[in-house]
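First the structure, in the form of structure tokens, and then the observations on it.
Number of protein chains: 2
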Amino acid sequence: MEIDLTKEVIRAENKNVVIINQTKLPHKLEFLTLKNCKETAQAIKNMNLRGAGTVGVASGYAMAQAFSELKSKEKILEAKEFIENTRPTAQNLFYATNLVYKTAIDETNSEKIAWDTADSILASDIEATSIMGKLGAELIEDNYSILTHCNAGKLAIQGYGSALAPIYYAHEQKKNCFVYVDETRPRLQGARLTAWELAQENIDHAIIVDNAAGYYFQKGKIDIVFVGADRIAGNGDVANKIGTYEKAVLAKENDVPFYVVAPQSTIDTKTKSGSDIIIEHRSQDEVKNINSNLIANEKSKAFNPAFDITPAKYITGIITENGNYKPDNLYNNLCES
Amino acid sequence: MEIDLTKEVIRAENKNVVIINQTKLPHKLEFLTLKNCKETAQAIKNMNLRGAGTVGVASGYAMAQAFSELKSKEKILEAKEFIENTRPTAQNLFYATNLVYKTAIDETNSEKIAWDTADSILASDIEATSIMGKLGAELIEDNYSILTHCNAGKLAIQGYGSALAPIYYAHEQKKNCFVYVDETRPRLQGARLTAWELAQENIDHAIIVDNAAGYYFQKGKIDIVFVGADRIAGNGDVANKIGTYEKAVLAKENDVPFYVVAPQSTIDTKTKSGSDIIIEHRSQDEVKNINSNLIANEKSKAFNPAFDITPAKYITGIITENGNYKPDNLYNNLCES
Numbered sequence: 001m002e003i004d005l006t007k008e009v010i011r012a013e014n015k016n017v018v019i020i021n022q023t024k025l026p027h028k029l030e031f032l033t034l035k036n037c038k039e040t041a042q043a044i045k046n047m048n049l050r051g052a053g054t055v056g057v058a059s060g061y062a063m064a065q066a067f068s069e070l071k072s073k074e075k076i077l078e079a080k081e082f083i084e085n086t087r088p089t090a091q092n093l094f095y096a097t098n099l100v101y102k103t104a105i106d107e108t109n110s111e112k113i114a115w116d117t118a119d120s121i122l123a124s125d126i127e128a129t130s131i132m133g134k135l136g137a138e139l140i141e142d143n144y145s146i147l148t149h150c151n152a153g154k155l156a157i158q159g160y161g162s163a164l165a166p167i168y169y170a171h172e173q174k175k176n177c178f179v180y181v182d183e184t185r186p187r188l189q190g191a192r193l194t195a196w197e198l199a200q201e202n203i204d205h206a207i208i209v210d211n212a213a214g215y216y217f218q219k220g221k222i223d224i225v226f227v228g229a230d231r232i233a234g235n236g237d238v239a240n241k242i243g244t245y246e247k248a249v250l251a252k253e254n255d256v257p258f259y260v261v262a263p264q265s266t267i268d269t270k271t272k273s274g275s276d277i278i279i280e281h282r283s284q285d286e287v288k289n290i291n292s293n294l295i296a297n298e299k300s301k302a303f304n305p306a307f308d309i310t311p312a313k314y315i316t317g318i319i320t321e322n323g324n325y326k327p328d329n330l331y332n333n334l335c336e337s
Numbered sequence: 338m339e340i341d342l343t344k345e346v347i348r349a350e351n352k353n354v355v356i357i358n359q360t361k362l363p364h365k366l367e368f369l370t371l372k373n374c375k376e377t378a379q380a381i382k383n384m385n386l387r388g389a390g391t392v393g394v395a396s397g398y399a400m401a402q403a404f405s406e407l408k409s410k411e412k413i414l415e416a417k418e419f420i421e422n423t424r425p426t427a428q429n430l431f432y433a434t435n436l437v438y439k440t441a442i443d444e445t446n447s448e449k450i451a452w453d454t455a456d457s458i459l460a461s462d463i464e465a466t467s468i469m470g471k472l473g474a475e476l477i478e479d480n481y482s483i484l485t486h487c488n489a490g491k492l493a494i495q496g497y498g499s500a501l502a503p504i505y506y507a508h509e510q511k512k513n514c515f516v517y518v519d520e521t522r523p524r525l526q527g528a529r530l531t532a533w534e535l536a537q538e539n540i541d542h543a544i545i546v547d548n549a550a551g552y553y554f555q556k557g558k559i560d561i562v563f564v565g566a567d568r569i570a571g572n573g574d575v576a577n578k579i580g581t582y583e584k585a586v587l588a589k590e591n592d593v594p595f596y597v598v599a600p601q602s603t604i605d606t607k608t609k610s611g612s613d614i615i616i617e618h619r620s621q622d623e624v625k626n627i628n629s630n631l632i633a634n635e636k637s638k639a640f641n642p643a644f645d646i647t648p649a650k651y652i653t654g655i656i657t658e659n660g661n662y663k664p665d666n667l668y669n670n671l672c673e674s
């Protein structure tokens, strides 16, 4: 392994934010140094970094950079809005910008507090992934085959990842397991990032096109599904990468347990149900081109919703650092905890 | 429109088979002249032509070429086996090779009879697509949005296509309709071929990644689904392009009617159920590369099943040139007819 992925996906260094440029993976391991709030926000928007946790940490650091660069509350609020407009579906982003802003804004040493708060978001992610990994690994039996969608690994949330954390733990526990990796069109986070991560750890896996998951469900080849989440509504509905809903329906139809793994900060109790979540629609170029090569009929348009909503009824459990919840009890459990 | 797609996808000319090279679409309209049985079989295998009907016609012509080139029954049988090994899931391929072989082999003017029989397969496809189009168009109301998967259009079966035939007819009847085109990974027949065909006819459409169909089902945006078939078992189970099963499950879950459109020759009553159908697994390169560009982690393997089985219970109706059948009555209806 060239680098320690549990530590080097995103970090702060002298008021810069240093990240792995995920758009270059798996072909090239390149680091980017983001020197100010605007550069960091732009990197979020361009998806040089992505994944719910990593986006959250980056937006926390972008806020801290704003506190370093800007002096007036008004300008800092403008910066906050600028950051929040980069990826409107990501709960962790809003969680981070609000936490840094509220904790720091009325303090005399607001700059230091902003940076400390951003650091704390990173630290709490690392701890959360460790607990989620242990909880999820309890569900993995020896010789299990696991399906995952998109990348909810170490690149997506610093530490052990979210959806991949149970797999990393099971692997450390010497359980034999095999991972079906949905390639995850249009941006191929599965084929590029999850496959790369699993290869780094020598975890046996195969990439499949998103169309093929149903085939393996039907054949009884998939024992359990783990996915991440970008936002979880109070009723347990989950917004995650486009295609997650399809896999959840197929899992239920084939009696395969379907788990969402995400830190508590992903849960947005202010949003009552999935239908209230804003879905980001991205450029049609992501569908029609791969690496700037046209792969579709040029004169046709394309639609590109980036996320979908998986209703709670398809979800077996939501694993956070606080426990493994039944999604339909999510709200009650959260209020009790 | 540059060419008449209802006539020029595949045709015989002086014992050659002239086809549109579908691997070059949509970027380039190129014709290939296949001069002998081996070249035609190779073009089927390489998917220079594809689609159940077109594969059937090509394999019929390949058999006719074998009758022209080879004199002994033994050699002709060898050629038949060679042709049949190109695409093992395609029922029309076996239908065509058997029909040409059995009709011609014991005749004195076997060569002419072989070519006439191959011509008749093409003619009967053209007629079948016309009837299927009319039957299917009855199901399309004004302002309907339609989902289709892969390419079951004019490129796939000469004439009006199979799954697209109802759409072409509805369009001719001045019904306003919109088509969601699954891009259909790994070979992108939707993004490349279906989108190109629909653009030729000015039918409003948008390409979506295969992951996004569920999103539009859930939003109530899809009124009806039409897909083709590569083989239909006696119990109404349908083998079609990988991903079809996923869309069928999603359609049922969202109460959207799901129709299979295919000529009678696709029905294989000797195969009792879908589980008896051999599924072709193709090279992992199709998943990991697009146009020879690596799009996945290089060191990871990929699995590439080319078809899946949609059980009859998910299918609202199977439309052939003989009628619109309930799939669970398929066998009885066929025996009666």
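Residue numbers (this note's numbering), protein chains in the order written: chain D, 1 to 337; chain A, 338 to 674.
Glycine residues also receive a C-beta, built at the ideal position from the N, C-alpha and C atoms.
Of all residues in the stretch 160-188 of chain D, only Y180, V181, D182, E183, T184, R185, P186 and L188 come within less than 9 Å of chain A when Cβ atoms are compared, listed by chain position. Here Y180 of chain D really is in contact with A213 of chain D; their C-beta atoms are around 7 Å apart, less than 8 Å. At a cut-off of 9 Å between beta carbons, E201 of chain D makes no contact with chain A. For the pair A239 of chain D and I267 of chain D, the CB atoms are not nearer than the 9 Å cut-off.
Proximity of A296 of chain D to chain A, defined by a Cβ-Cβ separation below 9 Å, is satisfied. In this structure, I279 of chain D sits near P305 of chain D, with a CB-CB distance shorter than 9 Å. Residues of chain A with a Cβ closer than 9 Å to the Cβ of G228 of chain D do not exist, since the nearest Cβ in that chain sits about 15 Å away. G660 of chain A: member of the beta strand (DSSP E) spanning G660 to Y662, first to last residue. The beta carbon of E84 of chain D sits closer than 7 Å to those of L93, F94 and T97, all from its chain and outside the five residues before and after it, given in chain order. Here P503 of chain A carries a helix assignment [DSSP, helix/strand/coil].
Its Cα nearest to that of T581 of chain A, the residue D:L250 stands out among D:I242, D:F258, D:L250 and D:I131.
Taking the CA atoms as reference points, Y160 of chain D sits about 48 Å from Q428 of chain A. N304 of chain D has a beta carbon lying within less than 9 Å of a beta carbon in chain A. Beta-bridge partners assigned by DSSP to A349 of chain A: A:V354.
Within the stretch 354-374 of chain A, L362, P363 and H364 place their CB atoms closer than 9 Å to a CB of chain D, listed in sequence order. Chain D has no Cβ within less than 9 Å of the Cβ of K410 of chain A. Distance check between K73 of chain D and each of D:Y314, D:E107, D:L49 and D:E172 places D:E107 closest, using alpha-carbon atoms only. The residues A378, in chain order, have a CB closer than 6 Å to that of F419 of chain A in the same chain once the five nearest residues on each side in sequence are set aside. Neighbours of K272 of chain D in chain A, taken as residues whose beta carbon is under 8 Å from its own, are absent, since the nearest beta carbon is some 17 Å off.
When C-alpha distances from I207 of chain D are compared across A:I545, A:F368 and A:F640, the shortest belongs to A:F640. S447 of chain A sits in a helix when the DSSP states are folded into three classes. Put simply, the backbone Cα of I319 of chain D is about 25 Å away from that of R11 of chain D.
The beta carbons of N332 of chain D and Y259 of chain D sit no closer together than 9 Å.
Close to G580 of chain A, with beta-carbon spacing below 8 Å, are these residues of chain D in chain order: V209, D210, N211, A212 and G214.
For G551 of chain A, the uninterrupted alpha helix (DSSP H) segment begins and ends at A550 to Q555. Secondary structure within the stretch 224-252 of chain D: the beta strand (DSSP E) runs of 3 or more consecutive residues, fully enclosed, are 224-227, 231-233 and 238-241 (chain order). Secondary structure remark: continuous alpha helix (DSSP H) runs of at least 4 residues inside the stretch 436-502 of chain A, in chain order: 447-474.
The beta carbon of I290 of chain D falls within 9 Å of a beta carbon belonging to chain A, placing the residue at that interface. At a beta-carbon threshold of 9 Å, the residues of chain D lying near N630 of chain A are I290, N291 and N293, ordered along the chain. About 7 Å separates the CB atoms of T184 of chain D and D210 of chain D; that is less than 8 Å, so the two are in contact. Taking C-beta atoms as the reference points, N630 of chain A and N293 of chain D count as a pair closer than 9 Å.
Beta-bridge analysis with DSSP links F368 of chain A to A:I357.
C-alpha of I157 of chain D to C-alpha of A52 of chain D: approximately 7 Å in a straight line. Residues of chain A whose Cβ lies closer than 7 Å to the Cβ of A239 of chain D do not exist, since the nearest Cβ in that chain is about 11 Å away. DSSP, reduced to helix, strand and coil, places L407 of chain A outside both helices and strands of the structure shown, so it counts as coil. Rounded to the nearest angstrom, the gap between the Cα atoms of K270 of chain D and G234 of chain D is 7 Å.
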